[in-house]
Amino acid sequence: MASDDALRAEGLRKQYGSTVAVDGISFGVRVGEIVGLLGPNGAGKTTTINMVLGVLQPSAGTIRIEGIDLARQRSLALAHTNFSAVYATLPGNLTVYQNLRFFSLLYNMPSGSSRIDELLNEFDLLRLRNTRSGLLSSGEQTRLALAKALLNRPRLLLLDEPTASLDPSAADLIRSRIRAMASRGACGILWTSHNMYEVEETCDRVLFLSRGRILLEGDPKTLPPAHGAASLEELFIRLAREPLAPAVDGRAAVR
Amino acid sequence: MKLRPVAAITLRQLYLMRSSPTRVLPMIAWVAVDIILWGFISRYLNSVTSSGINFISSLLGAVLFWDFFTRVMQGVTMAFFEDVWSRNFINVFATPLLISEYLAGLVLTGVATSLVGLIVMLLLATWLFGLPFFSMGLLLLPFLLVLFLFGIGLGVLASAMVLRLGPASEWLVWPIPALLSPFVGVFYPLSTLPAWMRNVGHLLPPSYVFENMRSVVAGHGYSSRGLLIAIALALLDILLAACLFTYVYRYAVRSGLLARYSAESAS
């Protein structure tokens, strides 16, 4: 089923015993849009991403990817999804090519596909094709992870700190490519980062997450002045330190 | 079930073997050591006893069958351990891969690696010690089939155990064949065992293989009923192991164990 929403999460909640990691949040990512998922450590960003990736079952709520219910049609929904995360490095004992080949088969891509060569070229990995990925520099590993994340031309791309290990020039290049991908409507992107400059430059919209709730949502360029902050970073710091006001409709109010 | 995701799991293992002789060597070295050791023991027993038993056929043949079963089980678990060791669960299970495809990939890997071990054992046992392995004719097929199926079942069961208990529980897997061997009568008839052990042995498919193998070597024929029971039990074991793996996987997704697998706890 085609949908304008690459991702739509409704009432998403994850509870471990008495600890609530994500508390009934609802949000969407439209195709062509880059949404920044921000928040301090322990805010629930990774838990949210793991639920969208299908490796963590929500305690409540629904996730639809391209209109497909993840709980009911997991395999079909995940065929439209991919991700890159600093905490999920690719097997270091496989070469760059072998990793991409392995994951292309997991995504059921035909063996004769030229997609791997395209991505090796695009991410400047051709000369490292036969190098074990464990021997790559952290920047090269990040590029490989991004290449893997684009293998199946996902409609929903989840990027967790995608430029964390890159030098400023490489990071800028990657941001431009991802920005271009979103602009031509190739996919919707959910992006987490602690680099507020990057978020401001790249994201169309941001969600501030704190203690499992969405605290604030909006345009990263207009949000800071609207809340009396000089920059997104200042707003981030203030929101991360201020206590939550009582929740209204699953969305916390900002003091 | 799609073929490419299944092939991916096996291809990954082939890539690793191709690039690392240290992964290939154990597939060959341990079975070779076993065959040589037990080959000489069998030859020695033939020379000092006048029981009329051909120890090359009965003892060395049993070792070969048992090692084959062990290799099948280890082939399945080793493919699973690759994901444990490389902390690859999120990468693998965030793809459209189905659990049935993942398990089929582990099994296919087990088939490929155990066949390598079987060929090495057959060559050594035949050339060095004159094991008349093929004199059993077509009976070899059900014998190997039962051991193969049971090896798959135990491999999947062991993988489920490690998925549930965490990476540190890996050491629990390796002694499983040794724990089972007294009950299945690898080297002696089940009638040697006390009643309770015999009863346990009858629930384990390999016991039917070894009882029948000894009977055939002694010229007494075989029990087709026993072999059918063994195949049925082995298939049941696979079904139960696959259900257990699926149950543990779902628990791991529900509880967060899969997403945080590198934490070595069995919470």
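If you're matching them up, the sequences are chains H and B in order. Numbering follows the working numbering, with no gaps: position 243 of the first sequence is 243. Numbering follows the working numbering, with no gaps: position 246 of the second sequence is 246. Note that beta-carbon positions come from the ideal geometry of N, C-alpha and C, so glycine has one too.
Non-local C-beta neighbours of Ser169 of chain B in its own chain, meaning closer than 6 Å and more than five positions away in sequence, comprise Val162, ordered along the chain.
Between the stretch 156-169 of chain H and the stretch 110-119 of chain H, the count of C-beta pairs closer than 8 Å stays below three; the two stretches do not touch. The residue from H:Leu239, H:Asn41, H:Ser104, H:Val31 with its alpha-carbon nearest to that of Leu7 of chain H is H:Val31. Counting along the chain, Asp237 of chain B sits inside the alpha helix (DSSP H) bounded by residues 224-255.
Taking the CA atoms as reference points, Ser181 of chain B sits about 43 Å from Leu78 of chain H. A buried status is given to Val6 of chain B, since no fewer than 16 other beta-carbon atoms sit within 10 Å of its beta-carbon.
About 6 Å separates the beta carbons of Met51 of chain H and Ile63 of chain H, which is inside the 8 Å limit, making them a contact pair. Excluding the 5 residues flanking it on each side, Ile176 of chain B has same chain C-beta neighbours closer than 8 Å at Met73, Leu154, Ala158, in chain order. Measuring C-alpha to C-alpha distances from Asp167 of chain H to each of H:Arg143, H:Thr192, H:Gly185 identifies H:Arg143 as the nearest.
Within chain B, the residues Ala94 have their CB atoms less than 8 Å from the CB of Phe83 of chain H, given in chain order. Secondary structure of Asp204 of chain H (DSSP, three-state): coil. Here Val35 of chain H carries a strand assignment [DSSP, helix/strand/coil]. Check the Cα spacing between Ala60 of chain H and each of H:Ala21, H:Asp124, H:Leu37, H:Ala230: the tightest is with H:Ala21. Secondary structure of Ile176 of chain B (DSSP, three-state): helix. The Cβ atoms of Ile34 of chain H and Asp172 of chain H do not sit closer than 7 Å to each other.
Contact between Ala125 of chain B and Gly39 of chain B holds, with the beta-carbon distance rounding to 7 Å and staying under 8 Å.
For Asn50 of chain H, the closest Cβ of chain B is nearer than 7 Å. Note on Ile116 of chain H: 16 or more other CB atoms within 10 angstroms of its CB, so buried under the neighbour-count rule. Check the Cα spacing between Pro154 of chain H and each of H:Tyr107, H:Tyr197, H:Ala164: the tightest is with H:Tyr107. In the DSSP assignment, Tyr16 of chain H is bridged to H:Thr19.
For Asn91 of chain B, at least one C-beta of chain H is nearer than 7 Å to its own C-beta. For Leu128 of chain B, same chain residues with a beta-carbon under 8 Å away, outside a window of 5 residues either side, are Ile35, Ile36, Gly39 in chain order. The C-beta of Arg12 of chain B comes closer than 7 Å to at least one C-beta of chain H. Judged by DSSP in its simplified three-state form, Glu10 of chain H adopts strand. Membership of Ile63 of chain H in the beta strand (DSSP E) is indicated by the continuous run 60-65. Spatial neighbours of Ile152 of chain B in its own chain (CB-CB distance under 7 Å, excluding positions within 5 residues in sequence) are listed in chain order as Val72, Val76, Val107, Gly110, Ile238.
In this chain, the alpha helix (DSSP H) harbouring Ser75 of chain H covers 74-78. Three or more beta-carbon pairs separated by less than 8 Å link the stretch 75-95 of chain H to the stretch 85-99 of chain B, which places the two stretches in contact.
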